[in-house]
Structure formats: C-alpha cells, structure tokens
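So the structure is just underneath, and the comments pick up after that.
There are 2 protein chains.
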Amino acid sequence: MAHQDAIAYQSHDHHHCIEGAMKAARQLCRQRGVQLTGQREAVLRLVWQSHRPVGAYDLLGQLPDNRNGRKPAPTTVYRALDFLREHGLVHRLDSLNAYIGCPHPGQQHDGVFLICRHCRHVQELPGERVRQTLKPLLTAQGFSPDALLMEIPGVCPRCQQDGEGA
Amino acid sequence: MAHQDAIAYQSHDHHHCIEGAMKAARQLCRQRGVQLTGQREAVLRLVWQSHRPVGAYDLLGQLPDNRNGRKPAPTTVYRALDFLREHGLVHRLDSLNAYIGCPHPGQQHDGVFLICRHCRHVQELPGERVRQTLKPLLTAQGFSPDALLMEIPGVCPRCQQDGEGA
DNA sequence: AAAGTGATGTTATATTGTTACATTATACCT
DNA sequence: AGGTATAATGTAACAATATAACATCACTTT
C-alpha cells in the first residue's frame, strides 16, 4: 500500500499496484461478506490499469462482451462502480466525471487528490491534516461534514520538469 | 459583502444579497473593461435568487424568451456561465453539476464550500487556512496547484436543529 | 421444488454539456 | 457618419454522462 503512495510519480512496476489492489479488494470483500463478482473485479482491474482517472464509458468500452455476445449496457458499469465506491475501493473525481482506484481501501476516508492537468496523473494523499485544519472552522459554523475530499488541479513534478508548467 | 458571509444561515433580507452581488458585478466588469450584458446579468441574477446551487438547465428554463420569441438554447446559458466564472462571479460546484454566486468576487480564489445535503444551502468560506495547511504538503510532493477549492457535503446547523441530522 | 435475495440484462430515457457555423450588436477608427 | 474589427448571441445538431423501470438469472435456504 505504501508502495503506490511513495513512488507513483516515478516509473514503477505497475503490475504490483494492480495485483496489490485486487488482493486488497478480495480480502476486504471477504471480510465484509460481500461478493466481488466477475464484473466488479473486471471493472476494478480496468480502473487500476493506470494512475489516471477513467470515465465510465471508457470502462464500458473495455469490458468484454457478456455471455450473449453483446456489449454490456451503461448500467452494468455504473452498478459495479457504485459497489466499488460503496466499499471504498474506487473514488469518483467529480471535477472529471471519472473514477480512480483507491490505494488504501477500507480505511477512514478523507483524502486529497492531486490531479495533473497535463498528464492526468492522480496522487491521493491522506486528508488528516486538512481535517485537523478544517475541524475548528466547521465546528464554528455548526456544520457537520460527511466527508472531506478535495480535488486539486495543477501540474505534477514530472510534468513541471518536462517544461509543462504552463 | 460581509453581509452574506455572516448571516446566510439565518433568515435575512435576500434582496440585499442580490442587489449587492449585481452592484459588485457591474463594478468589477467596468473595472476590467468587459461587458455585463443583458443575458449575463439575467443569468447572474437568477443564480443569486437563493443561496442554493442552480443547474444550467434550471437557469435556462427561467430565462425569458429572446427577441424572436423563442427559448434560448443551452449554449446561451453556458456561455453566460463561462463568462461569469471567468470573472469569479459564480462558481461551479462539480459535485452537483450546479452553479452558485460568489459572495466576494474579484478576490483571490481559494475557497471552501459547505453544502447542506438536506436543504442544499451553500456557505462559502475563505480558503486561507486550508491553503496554509496544504502548501507544505504540496511543496513536499513537488506539485504545483492551480486552485484550492473544496466542496464539503454535510448538514448545516439549521437542518441539524430541525432534526435532519440523519 | 419453492421462495427469497442479490446480481445482471435490457430498453428506454434523462441530464448535462459541446461543436460548428450563421447572424447581430457594439466599439473603434478615420 | 461610415466602415471595419471584435465581441456577443442565435441556431441546430449532437456528444457525454447517468438513471429508471422492469425482466431474468443464479445462488442459497428451506
């Protein structure tokens, strides 16, 4: 798990990320007594093909035909994504209408997403610091938050280096 | 301007919010040498009808017919919204696909939006504290952010009081 | 086998947003 | 004022994202 966090901006053995995520997912579903079915696993695996967010219709296009030899309908993907999100295995990035695998599923979920507008790489950071900062402000307002998620667009270190800062 | 910030959760003279926003908009556009045309003003005024976010097609439905007696097309609203956003007069809330007036346009724009999932009231707070907290984290990652906006779903004080905490 | 539950399939449709191109209004210059 | 450039708006078609409603299938429990 620490793997992705640490070196996602560097080249790395992505196979390791994928298999780690799948294993974590299987374990979590077993623990919770829910089914990681074929479709759900397939969608999760597709989501994990990169550290970039993927649209629902992209996923749909990549899913294999079902046993009737037909393309699955949008509902299929959305249902799988709903399930995966419910169990914290993927996040939806509202600013992109897209989905990305969560590198530490099953844990408390505040988070900060650093979204590179050049290469679309997404790095998820833990949200503790933000939560600590915000807590008093929210309390002062009397506002009771559900989740503290933050999507930050910008340029990642790699793209800055490549002169893509603009 | 401080008006809305302070008492938006309380009942208040909303007319004051609207006219304040319109006046600020006119002034800002004059300063910047851009045109606050009829359409743009109409859209801004509609956005300011409440402290709740409004969808683009809602706005569209409320716009008067154009001089040909026809309903304006979606493009019309999106163009107006683009303009208003460009000048910081409205924000788009990605988590809702909806738009809301900015209570302090023309200023630096980090911000935190407290979105009540019950009554949909939105309270915008200044983002300084969050920025201060995040700065070192982002620097450590080498990530160069464009904007720090945060949408926080939850329950507002008023709805909590009304027993709508669930 | 029957009944219940969860998962998937199927079809249609809703919602949100964009592209491309034509026309009209406004500002600017001489 | 007339002519020209630029900004704004109109129009039509369509793309992208998401949901609703209902039927079927699979698996478990009885």
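Each protein sequence line maps, in turn, to chains A and B.
Each residue of the first sequence is one higher than the one before, counting from 922 in my numbering.
Each residue of the second sequence is one higher than the one before, counting from 922 in my numbering.
By construction, the Cβ of each residue, glycine as well, lies at the ideal position given by its N, Cα and C atoms.
Is DSSP giving residue i helix, strand or coil here?
i	result
Q952/A	helix
Y1020/B	strand
C1040/A	coil
R991/B	coil
G1048/B	coil
F1064/A	coil
D926/A	With a pLDDT of 47 at D926/A, under the threshold of 50, the modelled position of that residue is not reliable, and the figure given next carries that caveat. DSSP places D926/A in helix when its eight states are reduced to three.
G1075/B	strand
H1012/B	strand
G982/A	helix
G892/B	Outside the displayed span of chain B (922 to 1087) sits residue 892/B, for which this structure offers no information.
H937/B	helix
L1059/B	helix
L957/A	coil
L1002/A	helix
L1069/A	coil
My guess is that residue i and residue j are in contact by the Cβ rule of under 8 Å, so how many angstroms apart are they, rounded?
i	j	result
Y930/B	Q1044/B	7 Å
D1031/A	L1070/A	7 Å
V964/A	L980/A	6 Å
T1060/B	V1051/A	Actually they do not touch by this definition, with Cβ atoms about 15 Å apart.
L1058/B	L1058/A	Contact flag wrong, Cβ pair sits at about 18 Å.
W969/B	G1022/B	5 Å
H972/B	H1042/B	5 Å
Count the other C-beta atoms from every protein chain shown that fall within 10 angstroms of the C-beta of residue i, then say buried if there are 16 or more, exposed otherwise.
i	result
G1048/A	buried
V955/B	exposed
A946/B	buried
Q925/A	Note that Q925/A scores a pLDDT of 43, beneath 50, so its modelled location is shaky; the value from the coordinates is reported in the next line. Its Cβ being crowded by 16 or more others within 10 Å, Q925/A is buried.
G959/A	exposed
P993/A	buried
R961/A	buried
A1068/A	exposed
I985/A	The residue asked about is misnamed: residue 985/A is Pro in this sequence, not Ile. So P985/A ends up on the exposed side.
P1024/B	buried
Considering only heavy atoms of the ligand ZN, does any lie closer than 8 Å to the CB of residue i?
i	result
C950/B	Ligands are entirely absent from the displayed structure, and the ligand ZN is therefore not among its contents.
Taking contact to mean 3 or more Cβ pairs, one atom from each stretch, closer than 8 Å, check whether the stretch 1075–1084 of chain A and the stretch 1032–1052 of chain A are in contact.
yes
Any contact between the stretch 1014–1033 of chain A and the stretch 973–993 of chain A? By contact I mean 3 or more CB pairs, one from each, below 8 Å.
yes
So does the stretch 1002–1010 of chain A actually touch the stretch 936–954 of chain A, counting three or more Cβ pairs closer than 8 Å?
yes
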